[in-house]
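Notes to accompany the following structure.
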Ligand SMILES: [Zn+2]
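In this note's numbering, the protein residues as written are 2 to 80.
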């Protein structure tokens with residue numbers, strides 16, 4: 002299993018990806034029982050959607066999974 006620091010580095014890499022694409026540099030990952038379920042970064046510029054935040058995009062494809070789990074960690078990288 003990865004350490005918290007390693008998970009945070011993954012989120013930071015997502016933020017870097019956003020920055021490299023001219024987005025606001027925010028990244029998020031969703032981890033459940035040691036498994037990374039989802040990674041995402043801000044896409045507000047590309048999608049012209051002010052709700053396209055990293056954390057929202059990370060949640061969206063996994064609603065059915067995290068809705069039933071009791072041990073989900075969400076890690077946010079804020080600029
Ligand atoms: Zn947000």
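Beta carbons: idealized from backbone N, C-alpha and C, even for Gly.
| task | Check whether the Cβ atoms of residue 44 and residue 58 sit closer than 8 Å, and answer yes or no. | result | For residue 44 and residue 58, yes; Cβs fall inside 8 Å.
| request: Measure how close the beta-carbons of residue 46 and residue 28 come, nearest whole angstrom, since I'm counting them as under 8 Å. | output: That belief does not hold up - the Cβ atoms of residue 46 and residue 28 are roughly 15 Å apart, past 8 Å.
| query | Under three-state DSSP, which class holds residue 53? | reply | In the three-state reduction of the DSSP assignment, residue 53 falls in the coil class, being assigned neither a helical nor a strand state.
| request: Closer than 7 Å is what we want: which residues have a beta carbon that near any heavy atom of ligand 1? List them in chain order. | output: Result (chain order): 27, 54, 55, 56 and 57.
| Near residue 25, which residues of its chain fall below 8 Å by C-beta distance, leaving aside the five closest residues on each side in sequence? | Take residue 25, set aside five residues on each side of it, and the residues of its chain with a beta-carbon closer than 8 Å to its own are 19, 43, 45, 46 and 80, in chain order.
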